[in-house]
Every structure is written in structure tokens, then in C-alpha cells.
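Down below is the structure, laid out as C-alpha cells.
Residue numbers (the numbering used here), protein chains in the order written: chain A, 1 to 653; chain B, 1001 to 1088.
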């Protein structure tokens, strides 16, 4: 909580022949984050180099490529398959070569047959396309060729033409383009050419082959139909094979991938002729287990040392979150911004609490909250585990907060619930019908500014802790200066003007220049703060206006919330006040249409407003965390803890 | 004679003055929202297009890019606040 999982920096040294044993042992624990050994120019140590992959690597990777090819052929994604049974690795190792070859051969045979059918079909379709224009002319293809004294024209033509010289002509009109075949003695060719050109003649070469076009066309189409049928059968067999082998392929994928990762692990090690060295991090709570495991596997022949970090230049450790279950889905929001660094506070828990509160304050409506709650619970069954599920849980928390604040604001789809709002009212009146208190905008805005002041102060306190931890009390001074300036400014303002829902300090006696005692206290605090900020760097003071702009930015909580209420009220007014109610009062046949229209407007309108509220509420709430809160203390940029090993779903030892 | 007619036309009832003031407030509020809305949209236009390009290059940038894109939204929020203060 507030800190990432503590890590121990481990160094493992052993002789080269123990390398495979050490790799297997580390892989099985899945808690060791390897720090890759990188050969740097100038820092290279004599005799030390990156290790060669284990002997089996190339063979395993060839098999994996084979399996992955089949997976992509069948469109299988192992992540989407639910494992039926777990296969024992020992059994798998014995049969995998034979089985992959068998499935592979069957797949290859089917695929190559499919490819050859596809190619033949393409050829036939091409021939059909070439033959089609000639279909209307009952002339053997042989008759178009082999003349010495005749010019033969075949092709499409815009319209029928009159040929003023001796000729033989076949003209077939067709909506796709008229076909013409024309035989003219060579000596008249010059006279015919311009006539054809004028009629937009486009020549089509005579296809190869002999026989009547009709007969050839029918023959080709018959062949095509047969091939299509065969293609259908092959596709069915491929689908059946996919169904049958999906589990097997996913299992092989997992097994080979883990084998390959192990075989290639030495590429991340530093090796000499005799020994190897691997560096990495293990969560503190797992260190003993890893040490014991390594000692057992290598009969105590591996040296495992815990590295003491140089306190001034620590090597940044990878970051694994350590949060209570409630806050875990929010880690997604943290990763979207940046994972915390190992040496800074992890604000996930704070975000997990504050984000839904802001969301609920913006979309404080029982009706919308219930819709979102139902959606987040309903979608849980459909959306696969992982980021989607985490997002749904975040949405669920937001929806619950929205219902809670809806009860306080007494809002249900923009209507008032049977009680008065517990906090300030956000109800808008429309059409002059609703009596009572209108929205208390000023109070609500000041309330949101209060939230901003507290949120920013919290951010600055966290910043002071972060800096203090690194640079001692001196590092924390500028951060404390920011807090002092902000509160100094506030006290100064309070002592000059009275603001509702904020302390009124204007009553104190005026000392000099119109300022009261409290005013001077505020001014002193402000000046002290500015000096403290400038003590680190005077340039920091350019950020000074953010004290006001960031605080004012929290007004969005109320502004967006009120606009959401306004949309809801308008929808209710249009659908019920203008369409449904008047038509029920003066009912006639035509009223049914307007009543139905009213219902459609009501449903579509509130659905749209729910979507707007979800997007607006979530983004604005998130932005207040990212921009206004995080900029005060959070840097991020930590490396994700990525343990060497895999989560097994299809295989077991 | 002419002066008398103009004078009666110019004099407005108290209700009319109130209604006119209300209308002016509503207009002022709408100007505040329209102006700031356009300003936000203009700013987000260029940020948004650059952001999509950056995310296409590197998906990890999504978080930072999201933040950058919604920063100008503050402008329209201020417009909304001013509008609300004017009319309510």
C-alpha cells in the first residue's frame, strides 16, 4: 500500500554446466525479473560475453513457427481458448514431434489442395469472362482464325453499323455491351476501320480453343460448379480440423513458447568460458523460496548473493503493485498514465478512492448510476479477463458512487426523489412549473473549489514526502512552500471578501492599508511560501498562477454535473411535459403517435445522457487526477515487473 | 406631437425591463459558452490530430496523449461556469 512491492536485487553465479538447471528452476518459480546483460562499448570486461542460447533453441523455434503457422491458418488465438484439460509436460514431450507432424501434414495437404483448386477456379473464371462476349455468336472459334485474305474484327461496339463493302457480320446486342464479329476482305480494311472507330469499337482477342462458345461456356461452368463443391467440402474439413486441434495447438504453443524462452534465456546472461552470471530482482517475500529452490536443484553449487544498493545511485528496480484487492482495478488507470517508479509513493489507493467520488459528484443521479451498475455487472460475463474486466470494476465503483451521491442530491433521471437534497440542490426548474429552491450554484461551485484545495494540498503533501525521502528536509521545503502560498493566498482572500461556505475573516480589525490582522497573516504565509519555492529555483515561480488555475479547474465537477442535470431536465420536459401529458389529457387517435414519440424521446434521450455522463464524468474525473493531482508529486516511468516464467493454462509438470 | 409619441414608445413597463435584462443575461451566457466552446475545439483539433499520430507510432503514449488532449477542455468549463453564474 502506497509503496510498490519491495524487491531484492539478486546475483546468481554458477558454472556453465549448471546453466540449464538454474534456468529451469528460475522459470518454474516465475518471480525472477531478469536484468539483461548488455555489452556496452568501453565497459566490456575481458572474457565476459552474452551467453549462447541452449542447444535446443533453433529446433524448438522451428517447431514453434510450424505451430504458429497452423494457428494463423486456422485463425486460432490461444488466449481466447478455454483450456479443457491440462496436459502433462512429460507426455507432451514424447509425442509432440509426431503429433505436430501428423496435424501439420494433414493441414498442409488440405491447404495445398485448397490453393490448387483456388488457382484452377481463377483460371476457369478468367476463361468464362473471355468467352462470355462470344456466347451470342454461333461461330466455332476455329472459324475466327487462319485467314490470309480476310481481316477479322471481334469486340464490343457502341451501336450496330452499316458496312458499305462486301462483308460478313454478326451483331449481338447486349446490356453489358454489344458484341460484333466482322469479316472483311483485307483490301477494304482501310474503309472499315474509321466506321468502327466512330461506333466506339473496342477489340476483344479471340480466346484459345476450338468449338462453339456456348458449349465451351457450359463446360467451363460445369467444371466450376464441381470445384466449388469440392472447395466447400475442404472448407468443412478445415473447420472440423480446427475444432479438433485447437486445444492441441494451443497446448503445443504454450509448451514450445516456454521451452524457447528458457532456451534463449542465456542471451540475457553474462558468461565466461567456465561460468555464468545472472542479475535480477525477486520480491522480498519470495527470496528465501528461490534461494532454497536453487540450492536444491544445483546441490548447493550456485552462488546466490543479495546485492546491497548504492544509496546514492540505486539501480532502479522493476515495479510490481502491492495494493489491497479493492484498489487493484485502478492500477489500469495508473498504467495508462505511467507506472510508479520504485522509489516513489504509489498513489493507486488514493486514486481508487477519489476517482469514484469525483465521478459520483459529477454524475450524481440514482437512475444513471443504476444503468451503469447494471451494465458493468452484465458485461462481466461477456468481456474476457484482463484490462476489460478491470475497467468494468472501475466503472462499477463509479456507478455505486453515482447512486450514493444521487441519493444525496435527490435525483432520479433528472426528477426529484421524495426527499429534499441532503447536500446542495442541483435541481433546475424548467417551464416555470416546478416551485422550490433552484440550483444552489454558488454554494456548489465553492464546494468544488474546496475539494480542489484539499486534493491539491494532499498532492503537495505527497510531493513533500517524495522529495523529503530523497533529499531530506531541504528537498521538501519548496513543496511546503507551495502549500503555504496556497493557504496564505486563501486566508488573504477570506480576509478581504466574504465567500459563502468559506470562513469569513473580514470581521477582524483593520490594521493598515485596509488589511486586517488575518490578512497580514495570509500575506506573511504567502511571502514565506514564495521564498520557500524560490529557494530551490526562481524559475519555479513561473508556475505560480497554477495555484489559482488548478484550483478553479475543480469547478468542472459542478459545471459538468449541472449540464448533465440540465440535459436530463430538458429530456423530461420535452418527452413528458410537451408530448405525453398534453396528449393523455386531450386523448384522441392521433395522440397515440405523440405518446409513443414521447416515450422514444425519453428512452433515447436518457440513454444518450447516460453515455455522455459516463464519458464526461470518467474523463473529467481522470483528468483531475492526472493533471491537477499527479503533477504535484508523481513522476512515474517505472519498469514493469516482468518475471521470468509463464502462467500455464494448458500444461502441467 | 412627434416627441410625445416617441416618449410613450420608449417608456417600458417594469416587467418588460426585467424580461429584457433576463434575455441579455441569457445572451451573455450563450456568448461565453459559444466562445469558449469554439476555443476548446480549436485547441483540441490540433492536439487531437497530433495525438492520434503519436499513438499510431507508439501505443504506450495513450495515457499522456489523453491528458494533453483534455487539457484545453478547461477553457469551455470556465465558460460553462461563467454561463451558470450569469443565468442562475
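In this text, a Cβ means the ideal position worked out from N, Cα and C, and glycines have one as well.
Around the beta carbon of residue 279 (chain A), 16 or more other beta carbons sit within 10 angstroms, so the residue counts as buried.
Looking at A:339, A:508, A:150, the one whose alpha-carbon comes closest to that of residue 516 (chain A) is A:508. C-alpha of residue 1032 (chain B) to C-alpha of residue 1077 (chain B): approximately 10 Å in a straight line. Annotation for residue 45 (chain A): no beta strand (DSSP E) segment contains it, and DSSP assigns it neither H nor E. For residue 227 (chain A), the nearest beta carbon of chain B is not closer than 8 Å to its own beta carbon. Here residue 516 (chain A) is bridged, per DSSP, to A:510.
The beta carbons of residue 4 (chain A) and residue 320 (chain A) sit about 6 Å from each other, so the pair counts as a contact at 8 Å. It is roughly 19 Å from the alpha-carbon of residue 110 (chain A) to the alpha-carbon of residue 225 (chain A). With respect to the C-alpha of residue 466 (chain A), the residue from A:416, A:356, A:630, A:403 having the closest C-alpha is A:630. Inclusion of residue 14 (chain A) and residue 275 (chain A) in the CB contact set at 8 Å is warranted, their separation being smaller than that value. About 12 Å separates the CB atoms of residue 290 (chain A) and residue 11 (chain A); that is not less than 8 Å, and the two are not in contact. DSSP places residue 393 (chain A) inside the alpha helix (DSSP H), whose first and last residues are 387–409. Just measuring C-alpha positions, the residue of A:356, A:315, A:305 sitting nearest residue 330 (chain A) is A:356. Between the alpha carbons of residue 613 (chain A) and residue 372 (chain A) lies a distance of about 10 Å. Chain B has no Cβ within less than 8 Å of the Cβ of residue 327 (chain A).
One alpha carbon belongs to residue 577 (chain A), the other to residue 1047 (chain B), and they sit about 42 Å apart. The beta carbons of residue 141 (chain A) and residue 184 (chain A) sit no closer together than 8 Å.
Annotated three-state conformation of residue 421 (chain A) is coil, per DSSP. Distance from the CA of residue 27 (chain A) to the CA of residue 605 (chain A), rounded to the nearest whole angstrom, comes to 55 Å.
According to the DSSP assignment, residue 606 (chain A) belongs to the alpha helix (DSSP H) that extends over 591–623.
By the Cβ rule, the segment 397–411 of chain A counts as touching the segment 362–379 of chain A, because three or more pairs are nearer than 8 Å. In terms of beta-carbon proximity, residue 1070 (chain B) lines the interface with chain A, with at least one pair separated by less than 8 Å. About 5 Å separates the beta carbon of residue 448 (chain A) from that of residue 555 (chain A), a gap short enough to meet the 8 Å contact definition.
The continuous alpha helix (DSSP H) containing residue 455 (chain A) extends over residues 441–496. Residues 1069, 1072 of the same chain have their beta carbon placed closer than 7 Å to that of residue 1044 (chain B), with the five preceding and five following residues left out of the count. Approximately 7 Å separates the beta-carbon atoms of residue 57 (chain A) and residue 260 (chain A); this is inside 8 Å, confirming the contact. Note on geometry: alpha-carbon atoms of residue 571 (chain A) and residue 354 (chain A) lie some 30 Å from one another. Rounded to the nearest angstrom, the Cβ distance from residue 1 (chain A) to residue 324 (chain A) is 6 Å, consistent with a contact under 8 Å.
Interface annotation, residue 569 (chain A): not in contact with chain B, CB-CB separation never under 8 Å. Look at the segment 549–565 of chain A: the residues with a C-beta under 9 Å from a C-beta of chain B are 549, 552, 553, 555, 556, 558, 559, 560, 562, 563. Your pair residue 200 (chain A) and residue 157 (chain A) checks out as a contact, with CB atoms roughly 7 Å apart and the cut at 8 Å.
Going by C-alpha positions, residue 20 (chain A) is about 17 Å away from residue 89 (chain A).
Taking a C-beta cut-off of 8 Å against chain A, the contacting residues of the segment 1076–1088 of chain B are 1077, 1078, 1080, 1081, 1084, 1085, 1088, listed in chain order.
Each residue's CA atom was taken as its position, placing residue 81 (chain A) and residue 95 (chain A) some 22 Å apart. The segment 95–109 of chain A and the segment 58–76 of chain A touch, with three or more beta-carbon pairs separated by less than 8 Å. Pairing residue 246 (chain A) with residue 651 (chain A), the inter-Cα distance amounts to about 14 Å.
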